[in-house]
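Protein chains in written order, with the working numbering: chain L, 39 to 197; chain V, 16 to 82. Virtual Cβ for every residue (Gly too), placed ideally from N, Cα, C.
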Amino acid sequence: MSPNLVELLRRLQAGGVDFVLVGGLAAVAQGAPVTTFDVEIVHDRAPENVDRLLTVLSDLKAVVRAPGQRRLPRQREALLGAGHSLFTTELGPLDCLGSIEDGMTYESARQRAAVVSFAGRPLAVLELSALVELKEKWPDAESKLRASVLRQTLARRAR
Amino acid sequence: MSVIDDRPSTKQDAHQARDELITWLLTLSVDERLALNDAAAQAALALREAFGVASPSEATPPPSDTP
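What follows is the structure in structure tokens.
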């Protein structure tokens, strides 16, 4: 299946879901020369927002990606919690994260978010400096390389 | 007269090439950057499929690859 992450993002926006875009796509949106295969969001865990998210997930025929190729149904309780819910949708993978490193939630991510214009609407993306800080905490070589690319993007933007 | 630079690539060359790529990406709109990512991801997945490699979304997910 070919991912259509642009349309996936549009559907989240159109569904009125409050979230901060994080991960590789947040870096892409801010000009980093990386390629990513999924959408990662930190969503507002307020019950009414989770219900809007569930509606979009239903429209996208989302199922949970679980180890061993298992496919599990969507769970409202999981989206209300601080854990990670990883979905496969008809438009590509979507990771809904109740919190990320350092206990960063939607509320704290909003404070480190830049608001950009996407498809004619505002889109909150975790700012590059925060992405660098988070990436630098991972010990693996891929994260180190990614952090280096993000730092270079940050430096180039500052010039 | 054309001059062919046949020096081996260096780390500095790679850094400069990446800098030029970033400079160009920064001229694009967010919509254009995201569309470019979709095109690159689709091309990469088509290559993976051609070579019989599982797509990232089909692989067992790690605990977290965020951010």
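Quiz item: Going along the chain, which residues of the stretch 132-166 of chain L sit with their C-beta nearer than 8 Å to a C-beta in chain V?
Solution: If the cut-off is 8 Å between Cβ atoms, the stretch 132-166 of chain L has Asp133, Leu135, Ile138, Glu139, Val154, Ser155, Phe156, Ala157, Leu161, Leu164 near chain V.
Self-check item: Cβ of V:Ser44 within 9 Å of any chain L Cβ
Solution: Chain L contact via Cβ: present.
Quiz item: Are the CB atoms of L:Val72 and L:Ala151 nearer to each other than 9 Å?
Solution: No, these two residues do not count as a Cβ contact at 9 Å.
Practice problem: Kindly list, in the order they appear in chain L, the residues whose Cβ is closer than 7 Å to that of V:Thr38. | Solution: Proximity of chain L to V:Thr38 at the Cβ level (cut-off 7 Å) is accounted for by Arg194, in chain order.
Quiz item: What residues in its chain sit with their C-beta under 7 Å from that of V:Pro76, if we drop five residues either side in the sequence?
Solution: Confidence is the limiting factor: at V:Pro76 the pLDDT is only 45, short of 50, which leaves the residue's position unreliable and the question unanswerable from this model.
Quiz item: Taking the beta strand (DSSP E) that L:Val153 falls in, what are its first and last residues?
Solution: Run containing L:Val153: 151-156, per the beta strand (DSSP E) assignment.
Exercise. Measure the C-alpha to C-alpha separation of L:Met142 and L:Gly62 and round it to an integer number of angstroms.
Key: L:Met142 and L:Gly62: Cα-Cα distance of roughly 17 Å.
Quiz prompt | Pick from L:Leu188, L:Asp76, L:His81 that is closest to L:Gly53, judged by C-alpha positions | solution = When only C-alpha atoms are compared, the closest one is L:His81.
Quiz item: Taking Cβ positions only, does V:Ala7 come closer than 9 Å to chain L?
Solution: Outside the shown range of chain V (16 to 82) lies residue 7 of chain V, about which nothing can therefore be said.
Quiz item: So what does V:Thr42 bridge to, in DSSP terms?
Solution: Per DSSP, none; premise fails for V:Thr42.
Quiz item: Would you say V:Leu62 faces chain L, with C-beta separation under 9 Å as the test?
Solution: Residue-level contact check: V:Leu62 does not touch chain L, since none of the beta carbons of chain L fall below 9 Å from its beta carbon.
Exercise. Please classify V:Pro76: does DSSP put it in a helix, a strand, or coil?
Key: Because V:Pro76 carries a pLDDT of 45, less than 50, the predicted location of this residue cannot be relied on, and the following value inherits that uncertainty. V:Pro76 falls in the coil class under three-state DSSP.
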